[in-house]
Amino acid sequence: MKYLRTGIQLTVALWVVGSLFSVTAQVVDDAPIKINTVLLNVPVVVSDKDGRNITGLKKEDFSVYQEGVKQTIEFFANTEEPLNVAIVVDTSSSVRRVIKSLKKAASDFISTLGPDDKGLLMSFDIDVHLLCELTSDKDDLRKSLNSLFILEGADSLGIDAIYRIHKKEFASIKGRKAIVLITDGGIGGYTPYETWSRMLKESDTAIYPIWFQTRPVVMPNGAKTATLDELLKVPVLEVAFMNRLATDTGGRLFAGEADNFNGAFQRIVDELKKTYVLGFYPTNTDEGKPTNITIKVNRNDAVVRSKKVIQLKPRKKGGK
51 MKYLRTGIQL TVALWVVGSL FSVTAQVVDD APIKINTVLL NVPVVVSDKD GRNITGLKKE
111 DFSVYQEGVK QTIEFFANTE EPLNVAIVVD TSSSVRRVIK SLKKAASDFI STLGPDDKGL
171 LMSFDIDVHL LCELTSDKDD LRKSLNSLFI LEGADSLGID AIYRIHKKEF ASIKGRKAIV
231 LITDGGIGGY TPYETWSRML KESDTAIYPI WFQTRPVVMP NGAKTATLDE LLKVPVLEVA
291 FMNRLATDTG GRLFAGEADN FNGAFQRIVD ELKKTYVLGF YPTNTDEGKP TNITIKVNRN
351 DAVVRSKKVI QLKPRKKGGK
């Protein structure tokens with residue numbers, strides 16, 4: 051993915067320029083959500099002060115506030131609710147040398163899904179390929195991994211793949227949803243920037259990018275290797291973009307090892323199986339204006355990670 055079409059580069063560049071000032075070494079969760087429906091669903095991860103995820107919480111354990119006004123939780127999905135996950139794999143030419151270890155880790159990840167969990171498999175290069183529709187049949191998912199192939203060429207339409215999942219495969223799915231995006235960065239697409247950025251803010255699907263390095267990244271000090279936190283501090287544009295995908299959707303960025311993706315996949319599994327979803331109808335419906343939300347848990351040792359700002363989508367003229 052050393053070279054992308056000019057239009058693809060522009061899409062990513064516009065997004066990254068607006069993102070660099072908010073990139074930090076830690077994943078932050080203060081990005082606005084812009085919604086086009088009345089009910090707002092927010093993924094929530096709860097841990098103790100030592101970082102251990104807290105499971106077994108009930109709806110009554112949560113409180114949601116918008117600008118200090120308590121909201122009524124109308125929808126609640128706990129950590130035992132089925133999970134819907136899309137595995138989205140970069141198959142452009144730069145990924146060739148890691149595809150074998152990637153397939154194995156993805157197969158192991160599929161094996162961790164519960165009997166009621168569902169998954170789909172999609173790849174992207176110069177086009178977007180749906181290799182397996184959303185299904186609870188883990189054998190079908192694993193078999194579809196054999197369809198992953200590397201196409202010569204540098205274009206990498208990851209943006210279009212994610213946009214398609216939001217608008218089609220996951221459009222009518224309720225409950226817990228996530229996209230696991232495996233790429234070495236530099237993704238682009240033909241989806242217009244305004245459409246793409248709005249979709250991220252409207253979405254209730256968390257994106258978990260697994261970024262891995264296939265070419266040297268030279269740091270300001272001359273070093274050719276760096277930790278993920280160091281790359282975020284510089285920042286490296288493609289890593290900053292991956293981090294923005296995660297923070298804007300309530301997900302989290304992970305770094306993968308080119309020869310072993312199991313560690314990154316396992317950390318995502320641990321988090322996905324311990325994610326709650328809270329749904330409420332915002333009482334403050336000022337359209338086009340950001341408003342603050344706060345989610346609390348009735349435990350002294352609880353640390354909550356969730357969105358902190360929402361933004362309602364303006365209605366079309368005529369009140370529609």
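Numbering (my numbering), first residue to last: 51 to 370. All C-beta atoms, glycine included, are put in the ideal place defined by N, C-alpha and C.
>> Please identify the residue among Ser253, Ile200, Tyr331, Ile237 whose C-alpha is closest to the C-alpha of Glu219.
In response: If you number the sequence shown from 1, residue 219 lands on position 169. Of the candidates Ser253, Ile200, Tyr331, Ile237, the one whose C-alpha sits nearest the C-alpha of Glu219 is Ser253.
> Would Ala221 be called buried (16 or more neighbouring beta carbons within 10 Å of its own) or exposed?
Replying inline: Locating residue 221 in the sequence shown gives position 171, where the first residue counts as 1. Flag for Ala221 reads exposed.
> Would the stretch 156 to 176 and the stretch 134 to 142 be scored as touching if the rule is three or more Cβ pairs under 8 angstroms?
Replying inline: yes
> Under a three-way DSSP split, which group does Asp320 fall into?
Replying inline: What you label residue 320 is simply residue 270 of the sequence shown in a count that begins at 1. Asp320: helix per DSSP, three-state reduction.
> Which residues in the same chain as Asp111 place their Cβ atom closer than 7 angstroms to its Cβ, once the five residues preceding and following it in sequence are excluded?
Replying inline: Locating residue 111 in the sequence shown gives position 61, where the first residue counts as 1. Excluding positions up to five away in sequence, the list reads Val347, Asn348.
> In terms of alpha-carbon separation, which member of Thr335, Pro259, Ile232 lies closest to Ile360?
Replying inline: On the sequence shown, position 310 is the one that residue 360 refers to. If we check each option's Cα against that of Ile360, Thr335 comes out closest.
>> Can you give me the C-alpha to C-alpha distance between Lys358 and Ile343, rounded to a whole angstrom?
In response: As a position in the sequence shown, residue 358 is number 308, starting the count at 1. As a position in the sequence shown, residue 343 is number 293, starting the count at 1. Between Lys358 and Ile343, the C-alpha separation is close to 5 angstroms.
> How would you label Val67, buried or exposed, when you count the other beta carbons within 10 angstroms and need 16 or more for buried?
Replying inline: As a first step, residue 67 must be located in the sequence shown, where it is residue number 17. Per-residue confidence for Val67 stands at a pLDDT of 47, beneath the threshold of 50, marking its modelled position as unreliable; the derived number appears in the next sentence. Per the 10 Å Cβ criterion, exposed.
> Mind checking whether Ser356 and Val94 have CB atoms under 8 angstroms apart?
Replying inline: Indexing the sequence shown from 1 puts residue 356 at position 306. Indexing the sequence shown from 1 puts residue 94 at position 44. Yes, they are a contact pair.
>> Relative to the C-alpha of Asp189, which candidate in Asp177, Thr162, Phe199, His179 has its C-alpha closest?
In response: Here residue 189 refers to the residue found at position 139 of the sequence shown. It is Thr162 whose Cα lies nearest to the Cα of Asp189.
>> By DSSP's criteria, Thr344 is part of a beta bridge. Which residues make up the other side?
In response: Mapped onto the sequence shown, residue 344 falls at position 294. For Thr344, which the question treats as bridged, DSSP gives the partners Tyr115.
> Which of helix, strand or coil does DSSP assign to Leu195?
Replying inline: Locating residue 195 in the sequence shown gives position 145, where the first residue counts as 1. In this structure, Leu195 counts as helix in the three-state DSSP scheme.
> When the Cα of Glu288 is compared with those of Gly236, Ile209, Ile160, Leu198, which residue comes out closest?
Replying inline: Within the sequence shown, residue 288 is the residue found at index 238, counting from 1. Checked all of Gly236, Ile209, Ile160, Leu198; the closest Cα to Glu288 is Gly236.
>> Cutting at 6 angstroms between CB atoms, please list the residues of its own chain near Ser197, excluding the five before and the five after it.
In response: Residue mapping note: residue 197 aligns to position 147 of the sequence shown, counting from 1. Taken in chain order, the residues that qualify are Leu181.
> Across which residues does DSSP place Asn103 in a beta bridge pair?
Replying inline: Looking up residue 103 in the sequence shown gives position 53. Ser97, per the DSSP bridge assignment.
>> Which of the three DSSP states is assigned to Ile209 in this structure?
In response: By one-based count along the sequence shown, residue 209 stands at place 159. It is helical.
> Which residue or residues does DSSP assign as beta-bridge partners of Met172?
Replying inline: Within the sequence shown, the letter at position 122 stands for residue 172. According to DSSP, Met172 bridges with Val138, Leu180.
> Just to confirm, are Val401 and Leu207 a CB contact at a threshold of 8 angstroms?
Replying inline: There is no way to answer for residue 401, as the model of the chain reaches only from 51 to 370.
>> Give me, in chain order, the residues of the same chain whose beta-carbon lies closer than 7 angstroms to that of Ser151; leave out the 5 immediate sequence neighbours on both sides.
In response: One-based indexing of the sequence shown puts residue 151 at position 101. Asp309, Asn310, Phe311.
> In three-state terms, what does DSSP make of Met299?
Replying inline: Counted from its first residue, the sequence shown places residue 299 at position 249. Here residue 299 turns out to be Thr, not Met, going by the sequence shown. Reduced to three states, the DSSP call for Thr299 is helix.
>> Can you find the residues in the same chain that come closer than 8 angstroms, C-beta to C-beta, to Tyr331, ignoring five residues on each side of it along the sequence?
In response: Along the sequence shown, one-based indexing puts residue 331 at 281. Cβ within range, chain order: Val88, Leu89, Leu90, Gln121, Thr122, Glu124.
> Would DSSP call Phe315 helix, strand or coil?
Replying inline: Residue 315 sits at position 265 when you count from the first residue of the sequence shown. In the structure shown, Phe315 sits in a helix (DSSP, three-state: H, G or I).
> If you draw a straight line from the alpha carbon of Ala352 to that of Ser113, how long is it in whole angstroms?
Replying inline: To locate residue 352, count along the sequence shown from 1; it is residue 302. To locate residue 113, count along the sequence shown from 1; it is residue 63. Using only the alpha carbons, I get a separation of about 13 angstroms.
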